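For reference, the structure discussed in these notes is given below.
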Amino acid sequence: MRASAGLGNADACVLFPFGWDERIVRRMTTITPQPTLHTPRLTVRPYVLTDAPELQRLAGAWEIADTTKRIPHPYPDGAADIWIAMQSDAWETQTAASFAIVDRANNQYMGGIGLSIVSATVSAELGYWLGVPYWGRGYCTEAARAILSFAFDALKLHRVAANYLTRNPASGRVMEKLGMQFEGVQRDGSLKWGKFEDIAVCAILEAEWTQLSNDLPPDPGTFAFTEEEVAAALAQSMSAHEAAALAKDICDGADASTAPSGDLLRR
Ligand SMILES: CC(C)(COP(=O)(O)OP(=O)(O)OC[C@H]1O[C@@H](n2cnc3c(N)ncnc32)[C@H](O)[C@@H]1OP(=O)(O)O)[C@@H](O)C(=O)NCCC(=O)NCCS
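For any residue, its number in the numbering used here is found by taking its place in the sequence shown, counting from 1, and adding 6.
So, in structure tokens, the structure goes:
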């Protein structure tokens, strides 16, 4: 567990004196450490330094650099360690929430996903990539749904945007499946490797996400609550010790039949 050096609420109010800004800062400072999210097939968790070799290997593929903004190619030795080391600071200063996408069946690191947070507009930009061997199996959409749930339900963001090169329809399709709305094209909005390219902008607002979530059929096996949040909810009806043990079983085992009902977990 990492210690939190986040802003206290008093400091946050001085820096962000208005309601919305204060709201997100307060939310992030109370969610410490950065949580792990669970989906049926994935664990979406904070990075650890031991992810560095796989991060370098998978992100080092040309196909990843080709359609992402900042991933270099070739991926320099040591860069993964430096980037991972910066992520806990980014969480604590409320500027970003970066997560490793891991196969929950075998703990294999598969890719990365995260939010760049703009407190001033209570919004974030979603970014993601998945190692080439794992493409085309719905993993990115599954991880991104957990991140959107975290962004709106836990961080209380108002808007999450994302953009993709118009020649990268797979990423556009992920955004579409997430329920994001297409907002337009920035002509020559990207400059990478000396080449300007068009980027499409998509976004989803908190009210749209809530509406979509309400419209979805109940799926007790899919929930993006952290183990700590599940334990806190269960502790309303059992001892803290029992709640912690059951929350661990639920989050580790993905046993839908023992997952708490939506009512219990509703905020
Ligand atoms: C974009 C990326 C993350 C998608 O990951 P993924 O796990 O394969 O995505 P999903 O399986 O959840 O969804 C991909 C969707 O795109 C569709 N798709 C794939 N290639 C496509 C193409 N050429 N044209 C149209 N749709 C395409 C898939 O069929 C799927 O849609 P479906 O479920 O309706 O069939 C992955 O390709 C990647 O890492 N690319 C390189 C990095 C990158 O571009 N990151 C995004 C930067 S904006």
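Here a beta-carbon is modelled for each residue, glycine too, at the ideal position from N, C-alpha and C.
Only a predicted model underlies this, so the values are computations on that prediction, with no experimental measurement involved.
Can you tell me whether residue i is buried or exposed, with buried defined as 16 or more other CB within 10 angstroms of its CB?
i, result
"residue 83", "exposed"
"residue 226", "The predicted position of residue 226 is uncertain, since its pLDDT is 46 and thus under 50; a value taken from the coordinates is nonetheless stated next. Exposed."
"residue 269", "With a pLDDT of only 31 at residue 269, under 50, the local geometry of the prediction cannot be trusted, and the value read off the model is given with reservation. Exposed, because fewer than 16 other Cβ atoms sit within 10 Å of the Cβ of residue 269."
"residue 202", "exposed"
"residue 217", "exposed"
"residue 169", "buried"
"residue 59", "exposed"
"residue 254", "exposed"
"residue 74", "buried"
"residue 144", "exposed"
"residue 69", "exposed"
"residue 171", "buried"
"residue 245", "exposed"
"residue 149", "buried"
"residue 92", "exposed"
Any heavy atom of ligand 3 closer than 7 Å to the CB of residue i?
i, result
"residue 141", "Absence of ligand 3 is noted for the structure shown, with ligand 1 being the only ligands found."
For ligand 1, is there a heavy atom less than 7 Å away from the beta-carbon of residue i?
i, result
"residue 153", "no"
"residue 170", "yes"
"residue 59", "no"
"residue 42", "no"
"residue 74", "yes"
"residue 115", "no"
"residue 91", "no"
"residue 176", "yes"
"residue 218", "no"
"residue 144", "yes"
"residue 64", "no"
"residue 135", "yes"
"residue 179", "yes"
"residue 49", "no"
"residue 212", "no"
"residue 234", "no"
"residue 88", "no"
"residue 201", "no"
"residue 183", "yes"
"residue 38", "no"
"residue 45", "no"
"residue 69", "yes"
"residue 147", "yes"
Whole-angstrom Cβ separation of residue i and residue j, contact assumed at under 8 Å?
i, j, result
"residue 185", "residue 207", "Residue 185 to residue 207, Cβ: 15 Å. No contact."
"residue 187", "residue 209", "6 Å"
"residue 53", "residue 104", "6 Å"
"residue 57", "residue 90", "6 Å"
"residue 163", "residue 212", "7 Å"
"residue 51", "residue 106", "6 Å"
"residue 71", "residue 79", "3 Å"
Return no unless some Cβ of chain B is closer than 8 Å to the Cβ of residue i.
i, result
"residue 162", "In summary, chain B is missing from the structure at hand, where a single protein chain is found."
For the stretch 53-67 and the stretch 121-140, state whether three or more C-beta atom pairs, one from each stretch, are separated by less than 8 Å. Segments in contact, yes.
Check whether the stretch 150-169 touches the stretch 118-129, counting contact only when three or more Cβ pairs, one atom from each stretch, lie closer than 8 Å. Short answer: they touch.
Can at least three beta-carbon pairs, one atom from the stretch 102-112 and one from the stretch 34-48, be found at a separation below 8 Å? Flag = yes, the stretch 102-112 and the stretch 34-48 touch.
Continuous alpha helix (DSSP H) assignments of at least 4 residues falling wholly in the stretch 172-207: Counting only runs of 4+ residues, the alpha helix (DSSP H) found wholly inside the stretch 172-207 occupies 175-183, in chain order.
Continuous alpha helix (DSSP H) assignments of at least 4 residues falling wholly in the stretch 69-148: Correct list: 85-98.
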